[in-house]
């Protein structure tokens, strides 16, 4: 009995599997993808014909391939066609199944089929009922029928289709029970398996289709975004960055050709060369967003003359949102003072600047004075790309080094520092000390043989700024003459003058009061900013460590020093 | 029907059954992990049992239904499993299928060695030629040649009469076809899994990006706002991420607000939005600059990096807390609304054009408004005015005004909620077509007593 069931089950499953196999193959073809799509189920007349054709093939096949008596897989095709395309198609498919049965029984419709135990009239009724009821079951649903509902439908339908047998064998209940027990279990299992599997297949297929659509959309979007990313990280338009200062050379070029988690930023501003090298951990799009955020942020912070440690802190503060999402940054911020070629840096432990001098590689500290032909390699230590320092030392030049270690940024020093003369004093508020300062200045200009025009400019700038700095420093106790109040410095390059005056006191930005047109009246007593602006090319304000700092710069058409004619 | 037709149906049914079985077996977690990830001993034993069971069922099918005792299907199954899972599984299935077939009462002794050897061959194919589903042509040829050789050698060894040659050839053909089907199905499952995994990866990535974007803009609920101002904002991208943003800086007695909209949507806009946000924020944070100067500097900064013709429209407004004076500069941005005594007034952009395209535009204009107590300011991006319903009608400015004045609101949050509800009711189920960003500000100047307390 059990072996008989097993054989019947295997055979029926084989017969029913043809629907699954073909549906699967259909789902891999473009026409099937349209027909089996759960979303936007607008079944056109053409689709109905196509579904009818395909499922009629199954119905015909199932009718013709029946060789075991009792249950069959014939009704599966009309039920599935009804589920997909409605009652009309379900009935159409059922008719083809019926035609197949008539062919199978040699067109003898009155024959009581010895090998199935079914009457042809019951086959007609059951098939038509299957196609129609499945279609009606689906008709008012927006989405394709759920697996649970389909299973319930099949169970109910299989119970209903046992009635013809019951009527046929009404006189012999014993025989009915025997026949039913032979037919019903394998038939129910096969119908359930087949229809559930079919719907699972369609569900998987639709999940895949949706995934494909989403993947395609996102990939397309990322393709466009990549161009934006390149655009944001290409330095081609940034005139300030296209050429590194004549004193330094940088490898590699920062043009980006694809998404990367590395970023390089370079800014030259007011005799400082800022550069940063770093990399992010995280998924591609968040990292691209982070780099798009960090690079301009670094450039803007550098433009405000912040020290590397301050930039590092500001970046960490600004990137907290990113690190909360596990988009982690490892970077090092560096600055070279082009006037004296001193180097400063700040950053995470994973990125480290290395100094290669005379073929010896050393870990670089802060405030190191660089020399001609020095190479600074900012390397990523965490990925173990950094070779041992002696290996770097063994490499003959920067070309070889940058080829050997690609995950790094290299700066090489080409020329001497720019500054040809420097004056630096810290003075207290004592009027005598101030007059001494002006005296020292005049002496300095004389010793360094400065042009009269430069000499005059230095005098005027110091006069305007130092006296007013004392006046507006906000210090209450004016008798306290011992405190260091003002730092004065000026530096000269061949054609360039930079005067820095920093005074300790409350926050006070004199430039602010010259920039708001309707607040001119609030300018506190003749600050002389107007005159200073006339005398200089640029003037910037910084607030650093309780000091208000004014940086004034001017470039002359001729040398700042008097050059003696040759031979004299 | 005649016997030949019956055989044909049975073979086709068998193929369909095997295809269906393989499809669902290959989708199970264990088999899927073995196929596409890693194989351990536990899985080898399990797969060996599954393969052996399949071999026995196939044998029963072919011997009981078709009366074909000649070859059975066990060799084919061990070869198939060897190719799919490697040498160990191939041999396990070969040995197991013989064992199970013997238990099932078959007489498989004559191919007991062959099944194991074929499993070994299958495994070697996987090791040295590659995964069969990635090398469909090679695996088809390999299966056919190996299987033909084995079958022929058995047939020619004299165990079988020449009358069964057609059956031998027919089975060879069908079994090769079954293997190819199996490889095809697995290749498809592999591609499906890859697609789903890629989709999951991409959507996770976008989810993180979306959360990041929400965190880039200030959280007004936790921002230390001055008591004069009640500010709420909402950013709602059309896709996971978008190009709208808003920002706020508090400096001394001034509060600066920025609302901006980058052209395009999705990831491209999000990248440009990150850069735009910094371009504005950097200038808001530094020493005092008027809204027009902030605009100018942001434009220059964006222009430097913009090679893709992306552009930005923005409105930068500055409120002096004590005097209630509002200065603003808006370039190409939709007007903002001032609600005073339940009446609305529109303030349009001060300048035409967009940011990020022109190198050094002429200085932008500034306009100013004197705010009064309980004034409401509503800044929006074009995603609000252009919100579309299923009849392709736009939400428009009139509906914004109507939503804000329909019922008097006491707080900025209530005004935002009213506007948001009006948009949602209008749009219904229609998917959002553009990013939406809204800032609502309510100005309440401090009384003289409060001012003296603060001072």
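Protein chains in written order, with the working numbering: chain A, 183 to 750; chain B, 548 to 1002. From the three backbone atoms N, C-alpha and C, an ideal C-beta is built for every residue, glycine too. Values in this document were obtained by computation on a predicted structure and should not be read as measured data.
query	result
Since residue 534 (chain A) is in the beta strand (DSSP E), which residue starts that stretch and which ends it?	533-539
Given residue 243 (chain A), which residues of its chain have a CB within under 7 Å of its CB, disregarding the five upstream and five downstream residues?	200
So residue 813 (chain B) contacts chain A; which residues on that side make the cut at Cβ distance below 7 Å?	403
Looking at the structure shown, is residue 542 (chain A) part of a helix, part of a strand, or coil, going by DSSP?	strand
Using the C-alpha atoms, what's the distance from residue 386 (chain A) back to residue 863 (chain B)?	50 Å
Of all the CB atoms in chain B, is at least one closer than 7 Å to the CB of residue 203 (chain A)?	yes
Applying a beta-carbon distance threshold of less than 7 Å, which residues of chain B neighbour residue 752 (chain A)?	Given that chain A is displayed from residue 183 to residue 750, the structure contains no residue 752 (chain A) and the question cannot be resolved.
Under the three-state reduction of DSSP, which class applies to residue 556 (chain A): helix, strand or coil?	coil
Would you check if there are 3 or more beta carbon pairs closer than 8 Å linking the region 880-896 of chain B to the region 855-869 of chain B?	yes
Take residue 907 (chain B) as the anchor and find which of B:851, B:979, B:724, B:795 has the nearest alpha-carbon.	B:851
Let's test the definition: count the other Cβ atoms within 10 Å of the Cβ of residue 641 (chain B) and tell me whether it reaches 16, buried, or not, exposed.	buried
For residue 686 (chain B), go through chain A and note every residue whose CB falls closer than 9 Å to its CB, in chain order.	Neighbours of residue 686 (chain B) on chain A: none; closest Cβ ~18 Å, over 9 Å.
Whole-angstrom Cβ separation of residue 763 (chain B) and residue 803 (chain B), contact assumed at under 8 Å?	Contact flag wrong, Cβ pair sits at about 17 Å.
Assuming residue 670 (chain B) contacts residue 633 (chain B) (C-beta within less than 8 Å), just tell me the rounded distance between them.	5 Å
I'd like the list of long-range same chain contacts for residue 707 (chain A), defined as Cβ closer than 6 Å, with 5 residues on each side in sequence excluded.	The pLDDT assigned to residue 707 (chain A) is 46, lower than 50, so where the model puts this residue is not dependable; a value taken from the coordinates is nonetheless given after this. Cβ within range, chain order: n/a, list empty.
How should residue 672 (chain A) be labelled, buried or exposed, when 16 other C-beta atoms within 10 angstroms of its C-beta is the threshold for buried?	buried
Suppose the cutoff is 7 Å on Cβ atoms and the five residues either side in sequence are ignored; what does the same chain contact list for residue 737 (chain B) look like?	583, 680
Is there a C-beta anywhere in chain B that falls below 7 Å from the one on residue 739 (chain A)?	no
With a CB to CB cut of under 7 Å and the five nearest residues on each side skipped, what residues in its chain are close to residue 814 (chain B)?	788
For a contact meaning CB atoms closer than 8 Å, what does residue 413 (chain A) contact in chain B?	852, 853, 854, 855, 857
Is there at least one Cβ from chain A nearer than 7 Å to residue 819 (chain B)'s Cβ?	yes
Look at the Cβ atom of residue 930 (chain B), then the Cβ atom of residue 982 (chain B), and state whether they are nearer than 7 Å.	yes
Determine, for residue 720 (chain A), whether the minimum Cβ-Cβ distance to residues of chain B falls below 7 Å.	no
Around the C-beta of residue 508 (chain A), are 16 or more other C-beta atoms found within 10 angstroms, so that it is buried, or is it exposed?	exposed
With a cut-off of 7 Å, does the C-beta of residue 560 (chain B) fall near any C-beta of chain A?	yes
Rounded to a whole number of angstroms, what is the C-alpha to C-alpha distance between residue 987 (chain B) and residue 785 (chain B)?	20 Å
Quick check on residue 906 (chain B) - is its C-beta less than 7 Å from some C-beta in chain A?	no
Tell me which residues share the same chain as residue 624 (chain B) and place their Cβ nearer than 7 Å to its Cβ, disregarding the 5 neighbours each side in the sequence.	598, 601, 602, 605, 640, 644
Short of 7 Å Cβ to Cβ, which residues in the region 459-490 of chain A face chain D?	Annotation note: the requested chain D is absent from the structure, which comprises protein chains A and B.
Rounded to whole angstroms, what's the CA-CA distance from residue 198 (chain A) to residue 227 (chain A)? Just pull it up for me.	27 Å
Whether or not the region 949-960 of chain B and the region 741-754 of chain B are in contact is what I'm after, with contact meaning three or more pairs of Cβ atoms, one per stretch, closer than 8 Å; do they touch?	no
So if I threshold CB-CB distances at 8 Å, which residues from the region 349-379 of chain A count as touching chain B?	379
At which residues does the beta strand (DSSP E) containing residue 604 (chain A) begin and terminate?	603-610
Given a cut-off of 7 Å on the beta-carbon distance, is the pair residue 827 (chain B) and residue 777 (chain B) in contact?	no
Residues in its own chain within less than 6 Å of residue 493 (chain A) by CB, not counting five upstream and five downstream?	483, 515
Run through chain A and tell me which residues come within less than 8 Å of residue 865 (chain B), C-beta to C-beta.	Simply none; closest approach about 11 Å.
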